[in-house]
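Accompanying notes for the structure given below.
Protein chains in written order, with the working numbering: chain A, 2 to 118; chain B, 21 to 133.
So, in structure tokens, the structure goes:
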């Protein structure tokens, strides 16, 4: 069974500070995919990144970066120089291939990030 | 492309009523799914479909039915609404499977009294 844990329920930081959102996952499969989604106050779900288990390179996209570590089963998300527009709920998700043809996507419970101006 | 569309945006039901939440996508995606979002619980999978004519249960299927007669549409039916089904419902689609990038609809907010 696959599981995603986002232990940080809520985080508040002052604007321009860096912040890291943690994501720990569990899977028995060696092939899997990890995702991060953003849900701003308007409610829609916005795709941020998809990473497969064979690619452990860290990813950077502007102020966003992701640290994938298979040794600790973690896929953490860092926002550098945070801005008020980063205030949102962030979800980490996992899909493994253990049930071929019946794969499912499992979400963590989310981290609510508030950037204080 | 409109992407993934959902109707209605908001609905109030009385306990015992039935209704259908509509979901459509125009990206020719094979995989479609329904999630419900409740405070503190993230998104939980209700039902999913890997192609027209094929559906399967997710984590929380009780009280919901689905069908997939076309590639484009994936309606979610509440047979007899209960207050526990008060939630925000999201439909999603992807190219082929759950491990592809999911594109989400705007959501339907449902209140069952």
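Every residue gets a Cβ at the ideal spot worked out from N, C-alpha and C, and that includes glycine.
Listed along chain A are 92, 108, 109, 110 and 111, each with a C-beta nearer than 7 Å to that of residue 62 of chain B. For residue 87 of chain B, the closest of B/44, B/74 and B/35 by C-alpha to C-alpha distance is B/74. Residues of the stretch 113-129 of chain B with a C-beta atom less than 7 Å from some C-beta of chain A are 117, 118, 119, 121, 122, 124, 126 and 127, listed in chain order. Between residue 29 of chain A and chain B, the shortest Cβ-Cβ separation is not below 7 Å. Under DSSP, residue 67 of chain B takes part in a beta bridge, and its partners are B/54 and B/77. Under a criterion of Cβ atoms nearer than 7 Å, the residues of chain B adjacent to residue 34 of chain A are, in order, 119.
Beyond the five residues adjoining it in sequence on each side, residue 32 of chain A comes within less than 8 Å, by CB distance, of 53, 54, 55, 97 and 98 in the same chain, given in chain order. Residue 45 of chain A sits close to residue 126 of chain B, with the two beta carbons spaced by under 7 Å. Under the Cβ criterion of 7 Å, residue 131 of chain B is not counted among the residues facing chain A. Under the three-state reduction of DSSP output, residue 93 of chain B falls in the strand class. Under DSSP, residue 2 of chain A shares a beta bridge with no residue.
The shortest CA-to-CA distance from residue 101 of chain B to any of B/58, B/132 and B/47 is the one to B/132. Per the C-alpha coordinates, the member of B/22, B/28 and B/42 positioned closest to residue 85 of chain B is B/42. Contacts with chain A (Cβ-Cβ distance below 7 Å) from the stretch 73-100 of chain B involve 76 and 78, listed in chain order.
Counting only the Cα atoms, residue 97 of chain B lies some 11 Å from residue 54 of chain B. Rounded to whole angstroms, the gap between the alpha carbons of residue 38 of chain B and residue 99 of chain B is 5 Å. In the DSSP annotation of this structure, the continuous segment of the beta strand (DSSP E) that includes residue 39 of chain B starts and ends at 39-45.
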